[in-house]
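Numbering (UniProt numbering), first residue to last: 1 to 135. Ideal Cβ placement from N, Cα and C applies to all residues, glycine included. First the structure, in the form of structure tokens, and then the observations on it.
See the structure below:
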């Protein structure tokens with residue numbers, strides 16, 4: 001019997017190796033989103049800030065719904081934090097920091113962390129179970 005979805009397959013990876021690979025890809029995407037968001041948020045204020053936060057929220061929630069676990073949201077959030085937070089401390093040769101001195105950098109950091117916490121703590125429905133396993 002089919003459990004729905006694509007050809008009877010579930011939408012999330014069941015094998016441990018596949019799940020670890022998905023988490024690794026989500027961490028990498030989180031790193032890239034954090035770096036891109038850090039550069040875009042100050043350059044195109046205020047639309048860049050909204051774009052950076054929307055991209056982070058979409059990635060965190062997408063990871064949670066793909067894996068159907070809280071770790072699916074925590075993996076890209078960890079990658080995002082590893083990229084975005086240390087970039088706030090990097091200074092350039094001119095003595096300036098990579099982030100601007102305005103409020104947008106604080107909104108980006110705190111907003112991204114709040115979105116990560118929200119997406120990680122929202123309760124997700126349990127993964128679908130095959131009808132064969134219920135017997």
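Task: Of the listed residues 82, 61, 106, nearest to residue 72 (C-alpha basis) - done: Counting from one through the chain shown, the residue named residue 72 turns up at place 72. Per the Cα distances, 61.
- [ ] Might you give, ordered along the chain, the residues of its own chain that have their beta carbon closer than 6 angstroms to the beta carbon of residue 79, omitting 5 neighbours on each side?
- [x] For the purposes of this step, residue 79 is identified with residue 79 of the chain shown, where counting begins at 1. Within the same chain, Cβ atoms closer than 6 angstroms to the Cβ of residue 79 are found at 27, 30, 31, the five residues on either side in sequence being excluded.
TODO: State the Cα-Cα distance for the pair residue 87 and residue 63, rounded to the nearest angstrom.
DONE: In the chain shown, counting from the first residue as 1, residue 87 sits at position 87. In the chain shown, counting from the first residue as 1, residue 63 sits at position 63. C-alpha separation (whole angstroms): 23 angstroms.
Open item on the list: For residue 109, which residues in the same chain have their Cβ closer than 6 angstroms to its Cβ, ignoring the five residues on either side in sequence?
Closed with: Counting from 1 along the chain shown, the entry for residue 109 is found at position 109. Residues of the same chain with a CB within less than 6 angstroms of the CB of residue 109, apart from the 5 flanking positions on each side, do not exist.
TODO: For residue 17, count neighbouring C-beta atoms within 10 Å of its own C-beta (all shown protein chains included) and say buried if the count is 16 or more, exposed if not.
DONE: Taking the chain shown and counting its residues from 1, one reaches residue 17 at position 17. It is exposed - the Cβ of residue 17 has fewer than 16 other Cβ atoms within 10 Å.
- [ ] With a 10 Å radius around its C-beta and 16 neighbouring C-beta atoms as the bar for buried, classify residue 106 as buried or exposed.
- [x] For the purposes of this step, residue 106 is identified with residue 106 of the chain shown, where counting begins at 1. Under the 10 Å beta carbon count, residue 106 is surrounded by fewer than 16 other beta carbons and is classified as exposed.
Task: Residue environment, residue 136, which counts as buried when at least 16 other CB atoms sit within 10 Å - done: In the structure as shown, the chain starts at 1 and stops at 135, and residue 136 therefore has no counterpart that could be examined.
Task: Reduced DSSP secondary structure (H/G/I, E/B, other) of residue 102 - done: Walking along the chain shown from the start, residue 102 turns up at place 102. Coil at residue 102, not helix or strand.
TODO: Can you give me the Cβ contacts of residue 120 inside the same chain, cut-off strictly under 7 angstroms, excluding the 5 residues immediately before and after it?
DONE: Indexing the chain shown from 1 puts residue 120 at position 120. Excluding sequence neighbours, residue 120 sits near 70, 73, 74, 77.
TODO: Quick one: using the 10 Å Cβ neighbour count with 16 as the cut-off for buried, is residue 102 buried or exposed?
DONE: As a position in the chain shown, residue 102 is number 102, starting the count at 1. Residue 102 is exposed by the Cβ-count criterion.
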